[in-house]
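Worksheet: one structure, shown below.
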Ligand code: 13P
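Numbering (the working numbering), first residue to last: 6 to 267.
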């Protein structure tokens with residue numbers, strides 16, 4: 006059975022070591038000694054505070070919010086995959102809509118970054134999604150297909166199945182609006198079909214797809230397992246350790262329930 010992922014994108018929040026240290030104290034207190042068989046939590050802080058996340062509660066790993074595709078060199082202000090790997094980062098968010106918007110990242114750049122993460126044995130969590138206008142125009146599937154075609158062109162099945170996709174419709178980020186379960190399920194079915202066409206059904210099953218955009222624990226079923234998503238990418242709610250731990254617990258319960266059903 007695929008694991009469920011709960012990814013916390015802390016974005017550019019928390020602005021002192023002290024604040025980060027308080028966050029971690031609360032996180033450790035909330036998580037206690039809980040263990041998870043079916044869930045992995047991934048917390049992605051700002052680069053500056055990554056080192057403070059070396060010791061995380063059981064079942065959680067640290068991730069980064071971006072990387073530069075080159076290994077080393079004259080790239081002022083950038084962070085290389087080798088640096089991240091050396092720091093203990095195993096997951097890296099790539100192509101978040103905020104980076105597409107504020108740093109003009111293109112599908113080609115996002116592909117380079119995802120390939121670079123794979124090359125250095127990190128798992129890229131690649132964000133895709135349509136704007137509100139594109140959704141209104143019925144363009145969602147075309148937009149997703151074009152973002153993914155660039156990403157997956159010429160990738161082997163083995164490379165492809167190591168990528169995690171995060172479906173984050175732009176109109177749902179930071180807004181408290183979320184797609185209906187039916188809408189999400191349609192996207193899930195579309196992605197499965199898309200991956201089956203490029204690769205095969207087995208590979209399609211192995212490519213995890215998360216949902217992101219105004220995620221909170223009270224909405225977890227409708228935006229994740231009811232739509233056959235493999236987990237969530239949370240922004241604002243990940244700033245509350247209680248919520249992160251709660252979401253992990255709910256996924257664990259759901260996985261056990263499914264397992265018992267046989
Ligand atoms: P919110 O959960 O704050 O809507 O942000 C979603 C997001 O962009 C996660 O990457």
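Glycine included, every Cβ here is placed at the ideal spot set by N, Cα and C.
Nearest residue (CA-CA) to residue i, options the options
i: residue 189; options: 203, 181, 215; result: 215
i: residue 247; options: 16, 47, 34; result: 34
i: residue 239; options: 210, 206, 180; result: 180
i: residue 37; options: 24, 26, 63; result: 63
i: residue 210; options: 167, 187, 75, 226; result: 167
i: residue 177; options: 135, 144, 160, 213; result: 135
i: residue 158; options: 144, 115, 127; result: 115
i: residue 71; options: 205, 122, 29; result: 122
i: residue 262; options: 250, 196, 241, 226; result: 226
i: residue 196; options: 147, 161, 163; result: 147
i: residue 53; options: 80, 203, 18; result: 18
i: residue 206; options: 142, 162, 228; result: 162
i: residue 174; options: 101, 252, 81, 27; result: 101
i: residue 236; options: 198, 85, 249; result: 249
i: residue 143; options: 251, 191, 109; result: 191
i: residue 141; options: 184, 113, 125; result: 184
i: residue 217; options: 202, 242, 208; result: 242
For residue i, the three-state DSSP class (helix, strand or coil)
i: residue 118; result: helix
i: residue 96; result: strand
i: residue 251; result: helix
i: residue 62; result: coil
i: residue 50; result: coil
i: residue 78; result: coil
i: residue 124; result: helix
i: residue 107; result: helix
i: residue 220; result: coil
i: residue 86; result: helix
i: residue 147; result: helix
Residues near residue i by beta carbon distance below 7 Å, same chain, minus five either side
i: residue 8; result: 43, 44, 45
i: residue 230; result: 259
i: residue 212; result: 165, 166, 168, 170, 200
i: residue 182; result: 176, 219
Rounded Cβ spacing between residue i and residue j (contact assumed at less than 8 Å)
i: residue 255; j: residue 222; result: 6 Å
i: residue 193; j: residue 232; result: 6 Å
i: residue 65; j: residue 77; result: That belief does not hold up - the Cβ atoms of residue 65 and residue 77 are roughly 29 Å apart, past 8 Å.
Length of the line joining the Cα atoms of residue i and residue j
i: residue 15; j: residue 83; result: 19 Å
i: residue 87; j: residue 266; result: 43 Å
i: residue 92; j: residue 55; result: 8 Å
i: residue 40; j: residue 119; result: 30 Å
i: residue 51; j: residue 171; result: 19 Å
i: residue 5; j: residue 67; result: Limits of the chain in this structure are 6 at one end and 267 at the other, which puts residue 5 out of reach.
i: residue 59; j: residue 95; result: 12 Å
i: residue 187; j: residue 11; result: 21 Å
i: residue 89; j: residue 98; result: 12 Å
i: residue 31; j: residue 133; result: 32 Å
i: residue 244; j: residue 257; result: 21 Å
i: residue 160; j: residue 24; result: 41 Å
i: residue 27; j: residue 253; result: 20 Å
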